[in-house]
């Protein structure tokens, strides 16, 4: 889906007119119309306001151009599990289980590895194998890079 389709879909699902959206994000109705026809795209600051208005990530507003992954645990990010800053804004770097209330949940990579091994190892994925896998792969994520 392109940005124009995403914006129109979100607006109509919420029952907003173009005027309603324009007033809420401090632009003209014509600007909203141009976004929905694909003539223009909202600027960065307006995307932030639209993100809050529709309660979706900026990535979603842009038509999900890239698959986001949590830079702490590696989980794919969707709007439902993206973390939020204390002011309610999306933090598209982390999932809500790794970053909550403005702070990181796991103080060290070892603490996260311990959690993952405890909850995700099995007969087919024994703890030793799980620990080696998580240790190797988590180190590649931005949050844990040295």
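Residue numbers (my numbering): 287 to 432. Glycine included, C-beta positions come from ideal geometry on N, C-alpha and C. Keep in mind that this is a model prediction, so the values were computed, not measured.
Contact between the stretch 352-360 and the stretch 321-328 (3+ Cβ pairs under 8 Å): no
Beta-carbon contacts of residue 365 that lie in its chain and below 7 Å, excluding the five residues immediately before and after: Taking the chain shown and counting its residues from 1, one reaches residue 365 at position 79. Cβ neighbours of residue 365 beyond the five flanking positions: 342, 343, 346.
If I measure Cβ to Cβ from residue 392 and keep anything under 6 Å in the same chain, skipping five residues before and after, which residues do I get? Your numbering for residue 392 matches position 106 in the chain shown. Excluding residues within five positions, the ones whose Cβ falls inside 6 Å are 398.
For residue 395 versus residue 425, is the C-beta distance shorter than 9 Å? In the chain shown, the residue the question calls residue 395 occupies position 109. In the chain shown, the residue the question calls residue 425 occupies position 139. In this structure, residue 425 lies closer than 9 Å to residue 395 by Cβ.
Excluding the 5 residues flanking residue 381 on each side, which residues of the same chain have their C-beta closer than 8 Å to its C-beta? Reading the chain shown from its first residue, position 95 is the one you call residue 381. The residues are 356, 358, 359, 361, 363, 367, 368, 369.
Is the Cβ-Cβ distance between residue 379 and residue 423 less than 9 Å? If you number the chain shown from 1, residue 379 lands on position 93. If you number the chain shown from 1, residue 423 lands on position 137. It is not a contact, given that the beta carbons lie outside the stated cut-off.
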